[in-house]
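K.L.:
Numbering (our numbering), first residue to last: 186 to 538.
1. On the three-state DSSP scale, how would you describe residue 316?
2. Could you pull the start and end residues of the alpha helix (DSSP H) that residue 221 belongs to?
3. Looking at the unbroken alpha helix (DSSP H) that takes in residue 451, where does it start and where does it end?
4. When you compare each of 504, 386, 419 to residue 436 by their alpha carbons, which one comes out closest?
5. Using DSSP with H/G/I as helix, E/B as strand and the rest coil, what is residue 389?
6. On the criterion of 16 or more Cβ atoms from any shown chain inside 10 Å, does residue 212 qualify as buried, or is it exposed?
7. According to DSSP, simplified to helix, strand and coil, what is residue 270?
8. Name, in chain order, the residues that DSSP records as bridge partners for residue 402.
9. Ignore the nearest five residues each way along the sequence and tell me which others in residue 475's own chain have a CB closer than 6 Å to its CB.
10. For the 8 Å Cβ check, are there 3 or more pairs between the segment 432 to 450 and the segment 393 to 413?
11. Can you tell me whether DSSP reads residue 307 as helix, strand or coil?
12. In the DSSP assignment, what residue or residues form a beta bridge with residue 280?
13. Counting pairs of beta carbons, one from the segment 274 to 286 and one from the segment 400 to 410, are three or more of them closer than 8 Å?
14. Is it buried or exposed, residue 264, if we count other Cβ atoms within 10 angstroms and call 16 or more buried?
15. Just to check my reading of the structure: residue 331 and residue 348 have Cβ atoms closer than 8 Å, yes? What is that Cβ distance to the nearest angstrom?
16. Tell me which residue opens and which closes the alpha helix (DSSP H) that residue 529 is part of.
17. Any idea if residue 190 is buried or exposed, counting beta-carbon neighbours within 10 angstroms, 16 or more meaning buried?
18. Is the separation between the beta-carbon of residue 262 and that of residue 373 shorter than 8 Å?
19. What separation, rounded to the nearest whole angstrom, lies between the Cα atoms of residue 352 and residue 317?
20. With residue 462 as the anchor, note down where its alpha helix (DSSP H) starts and where it stops.
21. What does a CB cutoff of less than 8 Å around residue 442 pick up in its chain, not counting 5 residues either side in sequence?
22. Just the C-alpha distance for residue 489 and residue 400, rounded to the nearest angstrom, thanks.
23. Should residue 477 be labelled buried (16 or more other beta-carbon atoms within 10 Å of its own) or exposed?
24. Once you ignore the five residues that flank residue 540 on each side, which residues in its own chain have a CB closer than 7 Å to its CB?
25. So, does the segment 520 to 527 touch the segment 478 to 497, judging by three or more C-beta pairs under 8 Å?
26. Taking the CB atoms as reference points, tell me whether residue 339 and residue 310 lie closer together than 8 Å.
27. For residue 378, I'd like the list of residues in its chain whose CB is within less than 7 Å of its CB, leaving aside the five on either flank, ordered along the chain.
28. Measure the CB-CB distance between residue 535 and residue 472 and report whether it falls below 8 Å.
29. Looking at residue 268 and residue 360, is the spacing between their C-beta atoms short of 8 Å?
30. If you follow the alpha helix (DSSP H) that residue 367 is in, where does it begin and where does it stop?
31. For residue 215, which three-state DSSP category applies?
32. Looking at the unbroken beta strand (DSSP E) that takes in residue 166, where does it start and where does it end?
33. Less than 8 Å separating the beta-carbons of residue 531 and residue 470?
34. Apart from the five residues on each side of it in sequence, which residues of its chain come closer than 8 Å, Cβ to Cβ, to residue 305?
35. In terms of residues, what are the limits of the beta strand (DSSP E) holding residue 510?
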């Protein structure tokens, strides 16, 4: 029989009745009496304890546990929360020939985010190129190429401004959230390892920080081979992982796969799906809600070869908070990718006519 948690008004009434029976010979307390205050204070404390017990009762179960309780349950099953990863990249500084940017030197972004030089870097001509890593792990450390960083302290022979080069300072990932950890834990419980079954490859790929979804293709390159397609939905640049992240997944799978199997990790080919829609009412709040719903739709339904139904696009716009009416101008039919293509949400254009 389920336990019925009493509400705060019910607890107040119960406390008032108890005080009335024990202290006032059954009479009701005056409206602003001390007994009335005591009843509300006592009921408030009891309500807090009931709330704590209600929350605590959810923590032993993997589908409802939170934070440290969820992490502890996951560790029992051999699953750890994927840690945050620090962003890394290269910067260049202008200066005098022979100047040296020492290891450990720090640079600061405009918002105060700090980066540290990894090794002594010597000038080649009038330019110094150095590898840097964000001091705080997470997506917040990513920086686009071309942006500037400032030295936190002067270095002889070098200008104080550094330019981010190459592909930028990238690779920063936030620590795994509860929803992702819970999904992996439930997958481990409901789909136990089978020595190299398709579900095993999915679970192994999802153990790599940054990877959020994976698909398995047995016999992709012939007998004894397995292909694993992966995406990383948390990347600011989009869900398709870069070569560095793919290499990490490949290395991880090489360490856990059956010895008789060759595994190849790859990223799906992108099929960009631009959206054009006219909204009623057309406000910034409604636009933001539509963007969020469309992103959620693609996260739920997009996979290699998966069809994105135009009716689902219309539904996503319709359920956006604040939307009263809309006209989906593009696409006008289902998005049908090839088997190796994955639909990815493109630019969203809000038409005015």
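Every residue, glycine too, gets a C-beta built ideally from N, C-alpha and C.
P.N.:
According to the data block:
1. The answer is strand: DSSP assigns residue 316 an E or B state.
2. 219 to 241
3. Taken as a continuous stretch (DSSP letters only), residue 451 belongs to no alpha helix (DSSP H), being part of the beta strand (DSSP E) at 447 to 451.
4. Nearest C-alpha to residue 436: 386.
5. helix
6. exposed
7. strand
8. Residue pairing by DSSP places residue 402 opposite 412 in a beta bridge.
9. 502, 505
10. Three or more beta-carbon pairs drawn from the segment 432 to 450 and the segment 393 to 413 are found closer than 8 Å, and the two stretches are therefore classed as touching.
11. strand
12. 343
13. no
14. buried
15. 7 Å
16. Where residue 529 is concerned, there is no enclosing alpha helix (DSSP H), although the beta strand (DSSP E) it sits in stretches over 526 to 536.
17. Under this definition residue 190 is an exposed residue.
18. With contacts defined as CB atoms closer than 8 Å, residue 262 and residue 373 qualify as a contacting pair.
19. 13 Å
20. Unbroken run through residue 462 is the beta strand (DSSP E), 454 to 465; no alpha helix (DSSP H).
21. 381, 386, 389, 411, 448
22. 8 Å
23. It counts as exposed.
24. Since the first residue of the chain shown is 186 and the last is 538, residue 540 is not available in this structure.
25. yes
26. no
27. Around residue 378, the same chain offers 385 as residues with beta carbons nearer than 7 Å, after the five sequence neighbours per side are excluded.
28. Result yes, Cβ atoms of residue 535 and residue 472 sit closer than 8 Å.
29. yes
30. 363 to 375
31. coil
32. Residue 166 is absent from the model: the chain starts at 186 and stops at 538.
33. no
34. 285, 286, 287, 288
35. 510 to 515
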